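See structure below.
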Amino acid sequence: MIPSRVTLVEVGPRDGLQNEKEPVATAHKVALVQQLAEAGLREIEVTSFVSPKWVPQMADNSQVMAGIARRPGVRYSVLTPNMKGLEAALPTAPDEIVVFGAASEAFSQRNINCSIAESIQRFAPVVAAARAAGVKVRAAVSCALGCPYQGEVSADEVEHVVRLLKDIGVQHCGIADTIGVGTPRKAQQAMERALRHFALSEVSGHFHDTYGQALANIYACLEMGIDTFDASVAGLGGCPYAKGATGNVATEDVVFMLNGLGIETGVDLDRLVDAGAFISGQLGRAPVSRVARAVLAKRGKVLAS
Ligand code: HMG
Ligand code: MG
7 MIPSRVTLVE VGPRDGLQNE KEPVATAHKV ALVQQLAEAG LREIEVTSFV SPKWVPQMAD
67 NSQVMAGIAR RPGVRYSVLT PNMKGLEAAL PTAPDEIVVF GAASEAFSQR NINCSIAESI
127 QRFAPVVAAA RAAGVKVRAA VSCALGCPYQ GEVSADEVEH VVRLLKDIGV QHCGIADTIG
187 VGTPRKAQQA MERALRHFAL SEVSGHFHDT YGQALANIYA CLEMGIDTFD ASVAGLGGCP
247 YAKGATGNVA TEDVVFMLNG LGIETGVDLD RLVDAGAFIS GQLGRAPVSR VARAVLAKRG
307 KVLAS
């Protein structure tokens, strides 16, 4: 059942950098996206078209998209929570847009300022317009394994949103552990519900590594045949509306594990470590990724703690 090839969706430029307190120069964001593509990532979440009052760090969304020299074969995606976001995003020619809902009502309110039912109503015209424009549509289901406000989230709650997203024409469904509290069996149970509505190739895992469970959760999903995972270079990130949530699983860590399992990703680990070291250097800290730190130490680089 374990796939022989895995697609990694690099979310560092978006999920990672959205959480930075200090401004990150647009040129550095563009350079990061370029380096990630050069390292072999074929799916990159670049930015989000959300309210700059809510997430100031993504206010340069159009400039970042305009700055990227597109590489053939790379899918560049952006987050669009509503029609205003989509209308701003479409002129920048994204290959894919992402609508983001939640399995918990409380998180939906905090993150996108509306209920789950309202979010689906907002997404429906976004999905229709994107598809009419020939743009692929992915969705993220936040707090699928636990919520910072509600606590436990059931598989029934996950399936409820997944079904609504399928009904409005979403083509791919990401199951997200926003605060990294999920453990392997729980991850499998949520995935099993997603797979009732989406095909294996249309489901992905998005695991924040707050409690150090992300690689275990990915492995549990691999055992189910799931072959697409989000990851964030250098382990950047978190969610501004989930206090204490740390970054996604580091892409370097996932690539190292998959290399060890003999699973192809097309990603060059050394170049990926370079990209992570570049952006971490701009942010003034060492990469969070254990693998990146090990590789850099082996190269003789002295890291800040
Ligand atoms: P709202 O306030 O309910 O929206 O926000 P509104 O329609 O009432 O508009 C209010 C103001 O926002 C207006 O401006 C609009 O023009 C503006 P004003 O008249 O006050 O000057 N506005 C926008 N501006 C730019 N782009 C837009 C946009 N929409 C409205 N698209 C909204 C609703 C969703 C916009 C807001 O709640 C928001 O931006 N939230 C940010 C959510 C976010 O970015 N969260 C982080 C990403 S999700 C995530 O990290 C989770 C994920 O990684 C998976 C996981 O780990 O769980 C994906
Ligand atoms: Mg996230």
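When the letters of the sequence shown are read in order and numbered with this note's numbering, they come out as residues 7 to 311.
Idealized CB from N, CA, C, for every residue including glycine.
These numbers come from a predicted model, not from an experiment.
Alpha carbon of ASN25 to alpha carbon of GLY243, nearest angstrom: 6 Å
The region 16-30 touching the region 48-64, judged by at least three CB pairs closer than 8 Å: yes
Where the alpha helix (DSSP H) through LYS249 begins and ends: From DSSP, LYS249 is part of no alpha helix (DSSP H); its letter is neither H nor E.
Close-in-space but distant-in-sequence residues of the same chain around GLU229 (CB under 7 Å, 5 per side omitted): MET7 and ILE8
Cβ-heavy atom distance, HIS212 to ligand 2, below 7 Å: yes
Through-space distance from THR216 to ARG296, alpha-carbon basis: 14 Å
Cut-off 7 Å between Cβ atoms - residues of its own chain near ALA248, not counting five sequence neighbours on either side: PRO154, THR184 and ILE185
Check: GLY253 C-beta below 7 Å from any heavy atom of ligand 1: no
Minimum C-alpha distance to ARG305 - residue among ALA222, ASN254 and ASP280: ASP280
Supposed contact pair PHE284 and GLN41 - C-beta distance, whole angstroms, cut 8 Å: 6 Å
Validate contact between the region 268-279 and the region 36-51 using beta carbons, cut 8 Å, 3 pairs: yes
Three-state secondary structure assigned by DSSP to GLU232: Checking the displayed sequence, the identity of residue 232 turns out to be Ile instead of Glu. Here ILE232 sits in coil by DSSP.
Beta-carbon proximity check, VAL294 vs GLY253, cutoff 8 Å: yes
Between the CA atoms of GLN194 and SER10 - distance to the nearest angstrom: 19 Å
Ligand 2 heavy atom lying under 7 Å from the CB of THR271: no
Proximity test, CYS179 beta-carbon vs ligand 3 heavy atom, cut-off 7 Å: By its list of ligands, the structure shown excludes ligand 3, since it contains just ligand 1 and ligand 2.
Helix, strand or coil at TYR82 according to DSSP, with G and I counted as helix: strand
LEU85 versus GLY157, GLU28, VAL147 and VAL164, residue with shortest Cα-Cα distance: VAL147
Residues sharing a beta bridge with THR53, DSSP: VAL84
Per-residue burial, SER54 [other beta carbons within 10 Å of its own, 16 or more giving buried]: buried
Burial state of GLN219 (16 or more Cβ within 10 Å): buried
Cβ contact (3+ pairs, closer than 8 Å) linking the region 134-150 and the region 74-92: yes
Beta-carbon proximity check, ILE269 vs VAL15, cutoff 8 Å: no
Sequence-distant residues of the same chain with beta carbon closer than 6 Å to PRO190, five excluded per side: ALA222, ASN223 and ALA226
ALA182 beta carbon near ligand 2 (any heavy atom closer than 7 Å): yes
ASP259, enclosing alpha helix (DSSP H) - first and last residue: 257-266
Touching by the beta-carbon criterion (3+ pairs, under 8 Å), the region 67-81 and the region 105-114: no
Which of helix, strand or coil DSSP assigns to PHE204: coil
Inside the region 91-134 only - alpha helix (DSSP H) runs reaching at least 4 residues: 111-118
Classification of GLU198 by the beta-carbon crowding that lies within 10 angstroms, buried from 16 upward: exposed
C-alpha gap between CYS149 and PHE106, whole angstroms: 11 Å
For CYS142, three-class secondary structure by DSSP: With the sequence shown as reference, residue 142 is identified as Lys, and Cys is not the correct amino acid for it. Reduced to three states, the DSSP call for LYS142 is strand.
Which listed residue (ALA182, VAL167, ALA303 and ASP233) has its alpha carbon closest to that of SER121: VAL167
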